[in-house]
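Scroll down for the structure; my scribbles are underneath it.
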Ligand code: AHR
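Spelled out as structure tokens, the structure:
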């Protein structure tokens, strides 16, 4: 039996059909495509688009985390002596100075310290001998900026040292200070500031003396005072992420959470408390050492600073090579519960008090956790998952738990609030995956597309082609946002000196950064969070190379509503697109608007440090906007058309998703 809305749909269909045949035909003959927008479907999740931060490619250590010293506790070579101390090195030669590591630190969890024996006595080279650290491929030292230098020393005699920042050769001083200490027979913390009188993006820290004797060093840290809110995040990189307006941040990985072996996985308890006491660890999947300055606390702080919901991925007793037997998984379950208590517990709780002591007495707003990463197929995943699930549900009934098993095709065989979905493929496949969730059951847990990207030849280091395919995919996610709750691109960052995974959204070195086309593509979707999705039907000759969606979003500053139509032209020909906004009083739309285009001369074009803005969104005015718009989609382009609305969306009357009323062109 037909309902009122069925009837409405039929009437509307006839109306549009009539319009297509008679009224609009004059212009339609010239168009290759028609987009009919006719009614609101639903509000999209507030959390739809966010970011995924993984400690990969030196995203954190030597990236977003502003610490300039690498291997600050001399731990990276392991608890052996002798051990490698890279990237520390000596100033002077072997006949003047001898260094070695010793397990003699005052910090229990990171026992190694550096022993430096100065042999020269009155005949040291000018400036002295000592050690230097060039951080992560050179330190960015900026004139006028101040750097906090903290380190621990011990010596049997008095010490007289010069502490300086220099260029990469040590020849050009950028900042210098001196310390003289008479009694450092016990480990002594030295805190000082260095003010840069010059700039160099490839600088280093030098600790020197010309006094014979032995000095032990440990936990050497050099932090710019100028970090985001003083929270330790590198300002320019923080801004790049904040500009994306991410609704959530998933962290700290990825494979980084799993480890190749469990002993090398990210274990949150070893990353909290005073930085000096963190042992650091070697991530054996992405193959580098982290001092874990960016730890469990800092990730939650990052989420809070971004205004993004934290999504904590914890190790579930599974690494790439191992799976803990369900009979002995409980310590891992407890570790996860403790990690949640750290974030959410009150400041009197065992772990909440650790957070409070670190400077955040109020709980962090943790509402989502992911039980492992990409482990669904691994031994014991389900058995162990159920134990995590039950314990967390009992202790924190409101926390949403994310399973690693894909529920997009078949129903999950275990309870979950969401399931993880990852896709890395070539451009054509990713573009065509816009329809992936069309056939997914509407009951059951929702999807979290926590990692998506075009990879391989199509993507290079971040091509326009990749971004267009991804945009097409995201348009599909918008349309399926009744069952897709969240989505994030991966990976977010790459330090150009350590490209473990390509492509990435943001490329940086010690002093500069740029966004790849995939980064800029995501800007087209940042206003979709919480926006209203409109019903839109695309008719085109080359429909397999076009994708489009329509939303109404509220501008956060002006609080005014905007109609936004996004269209991807994945093909190599120009498309003239006719947009028909049906069911809307023409007076409610402004007569002009803007169009923002992401494109380039060659579909394989990329941005680079030499040309960081080659492919960025370019906005221009559209003079004739309104209910009927004739627009052009350039070859290989992503375009969004924004038209200011004089009121809300209630005037777009139809609420049907029926697509049958459009006759083929
Ligand atoms: O994003 C890079 C890696 O891809 C992630 O660590 C992992 O989850 C996936 O395999």
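Numbering (this note's numbering), first residue to last: 924 to 1588. Cβ atoms here follow ideal geometry from the backbone N, Cα and C, with glycine treated the same way.
- Cβ-Cβ distance between residue 1633 and residue 1548 below 9 Å: Since the first residue shown for the chain is 924 and the last is 1588, residue 1633 is missing from the structure and cannot be characterised.
- Task: Please name the residue or residues paired with residue 1086 in a DSSP beta bridge.
- Result: 1100 and 1130
- Roughly how many whole angstroms lie between the Cα atoms of residue 927 and residue 962? Summary for residue 927: the model assigns pLDDT 37, below 50, so the residue's position carries little reliability, and this model does not support an answer.
- Helix, strand or coil at residue 1111 according to DSSP, with G and I counted as helix: strand
- Thinking just about the alpha-carbon of each residue, which of 1274, 1208, 1039 and 1031 is nearest to the one in residue 1018? 1039
- Query: What does a CB cutoff of less than 8 Å around residue 1296 pick up in its chain, not counting 5 residues either side in sequence?
  - Reply: Taken in chain order, the residues that qualify are 1176, 1177, 1178, 1180, 1181, 1236, 1327 and 1343.
- Does the count of Cβ pairs from the segment 1315 to 1324 and the segment 1251 to 1271 closer than 8 Å reach three? yes
- Message: Are there any heavy atoms of the ligand AHR lying less than 8 Å away from the beta-carbon of residue 979, as far as the coordinates show?
- Response: Under cutoff, so the answer is yes.
- residue 1057 to residue 1282 span [Cα, whole Å]: 30 Å
- Is residue 979 helix, strand or coil by DSSP? coil
- Message: Below 8 Å, is the gap between the Cβ of residue 1022 and the nearest heavy atom of the ligand AHR?
- Response: no
- Item | Residue-level contact to chain D via CB, residue 1319, 9 Å cutoff | In the displayed structure, chain D is absent; only one protein chain is listed.
- Item | Burial state of residue 1502 (16 or more Cβ within 10 Å) | buried
- Complete beta strand (DSSP E) runs within the segment 1259 to 1328 (minimum length 3 residues, chain order): 1291 to 1294 and 1323 to 1326
- Query: Is DSSP giving residue 991 helix, strand or coil here?
  - Reply: coil
- Message: Would you call the segment 1095 to 1106 in contact with the segment 1071 to 1085, where contact means no fewer than 3 C-beta pairs closer than 8 Å?
- Response: yes
- Going by Cα to Cα distance, which pick from 1050, 1395, 1046 and 964 is closest to residue 1466? 1395
- For residue 989 and residue 1414, believed in contact at Cβ under 8 Å, the rounded distance: Rounded, the Cβ-Cβ distance is 19 Å, inconsistent with contact.
- Message: the ligand AHR and residue 1347: does any heavy atom of the ligand fall closer than 8 Å to the residue's C-beta?
- Response: yes
- Message: Nearer than 8 Å: is that true of the beta carbon of residue 1414 relative to any heavy atom of the ligand AHR?
- Response: yes
- Message: On the CB-based measure, 16 or more other CB atoms within 10 Å of its CB, does residue 1128 come out buried or exposed?
- Response: Per the 10 Å Cβ criterion, buried.
- Please classify residue 1614: is it buried, with 16 or more other beta-carbons within 10 angstroms of its beta-carbon, or exposed? Outside the shown range of the chain (924 to 1588) lies residue 1614, about which nothing can therefore be said.
- Message: On the DSSP bridge list, what partners appear for residue 1116?
- Response: BP columns for residue 1116 point to 1071.
- From the DSSP output, in three-state form, read off residue 1420 for me. Annotated three-state conformation of residue 1420 is coil, per DSSP.
- Message: Checking the sheet assignment: what are the DSSP bridge partners for residue 1447?
- Response: In the DSSP assignment, no residue is bridged to residue 1447.
- Query: If we ignore side chains and look at the alpha-carbon of each, how far apart do residue 1231 and residue 1453 end up?
  - Reply: 14 Å
- Query: Going by beta carbon distance, what residues of the same chain come within less than 8 Å of residue 948, once the five residues before and after it are set aside?
  - Reply: Note on residue 948: pLDDT 38, under 50, position unreliable in the model; no value is reported.
- Query: Are there 16 or more other CB atoms within 10 angstroms of the CB of residue 1095, so buried, or fewer, so exposed?
  - Reply: exposed
- Label residue 1048 either buried or exposed according to how many other C-beta atoms from any shown protein chain fall within 10 Å of its C-beta, with 16 as the threshold for buried. exposed
- Query: What's the gap between the Cα of residue 1526 and the Cα of residue 959?
  - Reply: 28 Å
- Item | Three-state class that DSSP yields for residue 1140 in the structure shown | strand
- With DSSP as the reference, label residue 1557 as helix, strand or coil. Note: residue 1557 maps to coil in three-state DSSP.
- Message: Pull the bridge partners of residue 1257 from the DSSP assignment, please.
- Response: None; residue 1257 has no bridge partner.
- Query: For residue 1478, which residues of its own chain have a beta-carbon under 7 Å away from its beta-carbon, when the five flanking residues on both sides are left out?
  - Reply: 1485
- Which same chain residues, not among the five before or five after residue 1470, have their C-beta less than 8 Å away from its C-beta? Taken in chain order, the residues that qualify are 1354, 1357, 1394, 1395, 1398, 1399, 1461, 1490, 1491 and 1493.
- Put residue 1199 into one of helix, strand or coil per three-state DSSP. helix
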